[in-house]
Amino acid sequence: MLRLIFRKELGVLLLFTILGAAGIVLVSRMAVQLYPRTSRPAVTSTIQHQGYSAIAFSREYGEMIESRLMGVPGLARLEMRYGSNQSRFTITFDWEVDAEVALADAESALNQIENSLPGELGGVSRVRFSTGENAGFLIIGVSSPTVSAEDLHRMATGSLEARMSQVKDVEMVEILSVERLNVEILLRQHDMLRYGLTISDINSAMQQSRSVQSIGSLREGRSRMSVHALPTAPDLLNIGRTVVRRANGVAIYLEDVADIEIAYTIPQSTFVMEGSRGIQIVATPIDGGNIRSMSQEITRLVREARDVGDLPDDAEINLLLDPAAYINRAITNVVQAALIGAVLAMVVVFLALGKVRNTMLIGISLPVTMVLTFIFLYLSDISLNLISLGGMALAVGMVVDSSIVVIENIHRFRTEEGHTADREHLQDLIMRAVRQVRMPIIASTLTSVLVFLPISFTAPLTNAILGEQSMVVVFALLLSLAVALTLVPLVAYLMYRRHIPEDRNPTMLAYTRNISTRAVAWLEGGYMALLRRLVASRSRVIMLLMFSTILLVTVVATLLPRIPREVLSPPSSDRVIVFLRSTGDVTSEEIVEEKFPEMTAIVQEELGPYVARIYGEVRGRFNRLFVALHSPRDADYVTGRLQEIFVSDNDWYYNVISWDPAQLPLPRTSDLQISVDGPDETGIVALLERVRDLTGESELYAWVTTVPSTSYTDELILHPREDVIEGTSGYTRSQLVSILQRALSGTQAVEFEHEGLTVNARATYPDELLEGRARFENFLLPWRDSALPVKHFFDFSVASNVAEIASEDGEPVYRLYGNMSRGTPTTERVLAEERIRELLAERLEIPEGYGISFDNPQVELDQAIRSLFISLALSVALIYLLLTFQFNSFGAPLVILVSVPLGFFGLVLSLYLFNSTLSLNSLLGAILLSGVVVNNSIILVDFYLSMLREFPSRTEALLAAARVRFRPIVITTLTTIAGMLPIAIGIGEGAAVIRPLGIAVSGGLAVSTLMTLFIVPAVLSLVRLRSPATSRP
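Right, dumping it as C-alpha cells:
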C-alpha cells in the first residue's frame, strides 16, 4: 500500500487537497445549534369548565379524557391537572417520535374529547410546546419616541408579521402590545329590572346583532342561490345603540341599561419592562427547529422593515432575549477551546520530540483529520452544537496519537540506521517502521471506536444526547488512522528525502530541543530506574498490585457517592427566570401593577449588585420574570438565592431556572420525592400540606413544592326548590341556571373590527354586585312588575374541596418534590432524606387508612447511568474479543484490560477533586477512557511480546519494551490531556455543558496513565505470556 502511495505521490496529495477543500465548503453549510437535533415532542391543552370543581370535573369526565389520551400512539407520559373552572394536561411522547405525527395524533384525540364534552364548557384550547417553563424563544422589543404603541402594533401586524411567519423553523410569531383596546360594558341592575331584562336577553341581543341571518334559498332558472340578511349592528364606537328589546314600539338600547367605556388597557398577554412603551415580538421555533437561524432571520426582517418604512425610521430595536447571540458565544467558546487544545497538543509534541520537522509532520494530521471529519458530519446530517463540538474537542488530542506513534517510530529507525539521503533506503525504512506499528495502532484505534458502539443500545435519553458526540469521535478516530497510515508517511518521505544536516549553530530551537531531549531522557531514566527495582522483586510487585486494588476500591466506595449527579450540566447564562403561576384567578392588571413590582423590589433589595435589569412576560396565570445579570459567573448564586426567596405556597407556584435558549427535553429530577395516599382527596391533600410544611421547616431543601397544589376552594352549592320554580311563571330550572351562569361569567364575546384591530366586547355586572355569598343569594331577577331574589328559587350550602387534582398515566398522584442547592453530593441527599424520614416519623400524625412513601426521584437518571455502565461492560467485552483475535491469546487481553479499572479510578478522583458532576457527559468520558488506557497497554504488550524473541530473559524484554514505548505513551497521553484541558477549565457560556467530559478525560487519563506505566509491567512480570511466534503449533 505504501509503495503504491510513494509511486503516486502527486495523485494522493491532490486527492487529500480536494477532500480538504470539500470539508471547508461543507462546514460552512452545516447548521449551528446549541444542542443536537433531539426530538421529544409534547402537547399541552386546557379545558375551560366554569362551575365545575376539580373533583366534580375529574369524576364526571376524567376517565373519558384520560382513556382517550392514553391511547395516543407514541405516548410516554400523560400528566393531568384538574382545577376549579379549568383543567390542563400534558402529553409527552417518546424520544425521536416525529413531531408532526405526534401533533396530528394528539389533535385527533383532542377533537374526540371536545366532541364528547358539553358545548357550554368552552371547548379545548391547544398549545404546543417543547421547552416547558424555560424560554426557548426570541423576544425583540420595538419602541419609538414619535409613534404610539398602538400604531406600532398596527404597523407590525401587517406585512412584517406575514413575512416573519414564513421563516423556516418558526412555529408561531406573536406581536404583543403594552396596550389593548378594551370595551367595558357594565350592566346597571336597577335599569335591567325596570325594563324586565335579564343578562340572557342582553346576550341574545348582542349575538343576533353580529350574526348573519339565513333566510333560505331562491330558485332562479336551473340554479339556486342562498338568501341571508347581513347584521345591522352598529360599529364599536356606537355599540351602545344595539337594540336589546322593543316594547310598545319603543326600542330599548344597550346604553339604556349599561355603562359603556372604550379605552386602552393592559392586554392579557404582554411584556413588561420599565420605561418601555413599545411592542414586543415573540418568535417560537418548531419542536427540534434551528432556533439560532430562526432568530437571526427574524432579527434581519425586523431591521429590514425599519429600513423600508414598514416601521418608523426612529424605531429602537432591542433584543431582549436573543438565542442566536447566546448560541454564537457558546459555540465560539467551544471552538476556541478546541483550537487552544490543538495548539497545546502541538506544543507538547514539540517539547517531547524536540524537532520542528517531526512536530510539523504530526501537526499535519490534525487539521486534515478535522476537515475530513466535517464531510462525514455533513453527510450524516449532524449539526455544529455544544455536544458534537465537544466530541471534536475531545478528538483533538486523540487524532494525533496514531501519527505520533508512526513518526516516533520512523524517527527511531532513522536515528538507529543513520539515514542520509538515499531515497530507496528512506522508502524502505518508512515502510518497515510503519509496518512495525501498523497493527498496534489499528488495534488501538479500533478499541477506541468499539467503546462507542454500544452507545446506540443505551437508554433513549442517553442515546439522544450522546449519540452525535459518539459519531463525531468515531469519524475523527477512523480518519486519523487513515491519515496516519497514508498521508503522514508520504509527507515524511517528501520531507526527509532531502537530507538536512544538523545545524551546529546554537539557535533557540536547538536550545529548546536540548532541553526537551534532556527532560524526556531524565523522565525516562527515572521511570526505568523505578520500574527496574519494581520488577526485580516479586514481593514488591504483589504489594503494588494489592495496594492499587485497595486504593481503587476505597476511592470508588468513598468518593463516588460524594459526587453530585445530574443528567447534563446546564449552560451558564446571564439570565435567570422566575416562573410563577397563580393557583387562583389573577388578572393581567394585577400581575403588572402589583405582583411584578413586588417581586422586582424584593430582587433589587436582595440581589441588587448582581442584577443589570428586570423585565417580565405576562400571560394570565403563566408568567415569567427575567432577571438579567451583570455576569454569568453569578448565575448559580443568584439562582440559589431566588429559590430561597420565592417558595411555592397555596397561592403561588414558583420555579427558578437558568435561561437556556434551546433547552433539551431532559427529565425533571429532584432530590426528594414523597407520595401520599389515602381513601379521600381532601384528607390526602391535608396530609400532603403537613408534609410540605414540616419539610420546609427543616430548611434542608432550597425548593419545595407539591403536585397537586395543597390549596382549597370553597364551593357554593345551589339546591333548586322545584315546587317554587314550577309555581313561578316565566322561569324554568334550566333558564335560571343559564341566567346565573351569564351573571357570573358575562355574555358571550362579540367581535368587532376597529381601525385594523380585532376587539372583543362582552357585557358583565359590576364585580361588587355579585361579591360574596350574601349578595349572590339576594341578586334580583325580574318577575312581572317586581323582582325576586335568587334565594327564592334555591337553597344554598357551602362545601370545601381541594383546588387541584393531579394524575400521571391515569393514576392519581399526590407528591412532594424537594431540591437542594445545585452541586449537592449524593451522600448529602441521602442524609437529608434520612433526616426527613426521622422528622416525619417523629412529628407527623398519619390518620388510619392513609400513608406516605419515599420514592426514587431520579428514576430516569438512574436508568441512563445504568445503561452507560452496561455500555461500558459491553465495550470491554468487545475490546477483549478484538484483542483475542489480534494476539491469538486469552491471557494477553486480560493483562491489557487491567488498565480499565485504573481509568475509572482516575475519573472518580478527578471529578471529586475538581468539584464536577457525575453526568452523562462525564460517564461518556469513562467509556472513552477505557479505550484510551487500553491503547497504551496494547502498544506496550505488543512490543513486549515481539521482544521476547530478542532477549534472553523476560525481565530484559519487559524493560526494553517499556523503554521503547515510554516516550510515545507519554506523548500521546499529554497531547490528549492538552487537547481537553481548555474544555476541562470550562471558561465562558456553554462551556459548563461539556466541562465534566473534559475533567473526566484529562484528569482521569493523567492518573490512569501514571498507574498503567507501572501496573501493566508489574502484571506482565508475574504472568508468562508467549510471543506470537512461539504460541503457534
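Using the working numbering, the first residue of the sequence shown is number -11, and each one after it goes up by one. Just so it is clear, CB atoms sit at the ideal spot from N, CA and C, and this is done for glycine as well. All values derive from a computational prediction rather than experimental measurement.
Sheet register partners of residue i (DSSP bridge)
i, result
"Gln268", "Gly129 and Leu164"
"Leu796", "For the record, residue 796 in the displayed sequence is Glu; it is not Leu. Glu67 and Glu799, per the DSSP bridge assignment."
"Phe77", "Ser33 and Met68"
"Leu782", "Checking the displayed sequence, the identity of residue 782 turns out to be Phe instead of Leu. The partner list for Phe782 (beta bridge, DSSP) reads Pro708."
"Asp665", "Gly839"
"Thr964", "In the DSSP output, where bridge partners are listed per residue, Thr964 has none listed."
"Ala217", "Gln201"
"Asn170", "Ala251"
"Tyr700", "Val790"
"Leu906", "Arg553"
Three-way DSSP call (helix, strand, coil) for residue i in this model
i, result
"Ala616", "strand"
"Phe535", "helix"
"Gln38", "coil"
"Met380", "helix"
"Gln201", "strand"
"Glu743", "coil"
"Ser941", "coil"
"Ile602", "strand"
"Phe893", "helix"
"Asn346", "helix"
"Ala690", "coil"
"Val564", "strand"
"Thr230", "coil"
"Glu(-3)", "helix"
"Leu175", "strand"
"Val580", "helix"
Own chain, CB closer than 8 Å to residue i, minus 5 neighbours either side, in chain order
i, result
"Thr435", "Ile867, Leu870, Leu871, Gly919, Val922, Asn923 and Ile926"
"Leu309", "Ala123, Phe125, Leu126, Ile127, Arg563, Phe614, Trp647 and Pro649"
"Pro552", "Arg810, Gly811, Thr812, Pro813, Thr814, Thr905 and Leu906"
Backbone CA spacing between residue i and residue j [nearest angstrom]
i, j, result
"Thr963", "Leu895", "18 Å"
"Leu849", "Glu816", "18 Å"
"Ile858", "Phe893", "18 Å"
"Asp298", "Asn316", "29 Å"
"Pro800", "Thr720", "39 Å"
"Ser72", "Thr701", "8 Å"
"Leu776", "Pro708", "15 Å"
"Thr446", "Leu454", "10 Å"
"Val85", "Leu98", "19 Å"
"Tyr805", "Leu828", "15 Å"
"Ser147", "Val296", "12 Å"
"Ser368", "Met18", "11 Å"
"Met152", "Ile363", "32 Å"
"Gly141", "Pro133", "According to the sequence provided, residue 141 is His. The question's Gly does not apply to it. Rounded to the nearest angstrom, the two C-alpha atoms are 14 Å apart."
"Phe90", "Ala452", "Before going on, a small fix: residue 90 reads as Ala here, not Phe. Approximately 18 Å, taken between the alpha carbons."
"Ser527", "Ala381", "43 Å"
"Ser1022", "Ala144", "Here the chain comprises residues numbered -11 to 1021, so residue 1022 is not present and cannot be evaluated."
"Pro106", "Val112", "11 Å"
"Ile(-7)", "Leu417", "15 Å"
"Ile590", "Leu307", "25 Å"
Anticipated Cβ contact below 8 Å, residue i with residue j, distance rounded
i, j, result
"Ser663", "Arg803", "5 Å"
"Gln196", "Gln729", "Going by Cβ atoms, the distance from Gln196 to Gln729 rounds to 19 Å, so no, they are not a contact pair."
"Thr357", "Val387", "4 Å"
"Pro970", "Ile392", "That belief does not hold up - the Cβ atoms of Pro970 and Ile392 are roughly 20 Å apart, past 8 Å."
"Glu677", "Thr657", "Between Thr657 and Glu677 the Cβ distance is about 24 Å, and since that is not below 8 Å, they are no contact."
Beta-carbon proximity list for residue i, same chain, < 7 Å, skipping 5 on both sides
i, result
"Arg953", "Ile927, Leu928 and Phe931"
"Phe584", "Val260, Gly604 and Leu613"
"Ile79", "Ala30, Val31, Leu57, Val60, Leu63, Leu66 and Ala94"
"His216", "Val200, Gln201, Ser202 and Ile203"
"Phe634", "Val566, Tyr642 and Val644"
Contacting residues, own chain, Cβ-Cβ under 6 Å from residue i (five flanking each side not counted)
i, result
"Ile173", "Ala246, Ile248 and Ala751"
"Leu675", "Val664 and Tyr838"
"Gln1107", "As displayed, the chain neither begins before -11 nor continues past 1021, which places residue 1107 out of reach and without an answer."
heavy atom of the ligand MG below 6 Å from residue i C-beta
i, result
"Ala914", "Although the ligand MG was asked about, the structure shown includes no ligands whatsoever."
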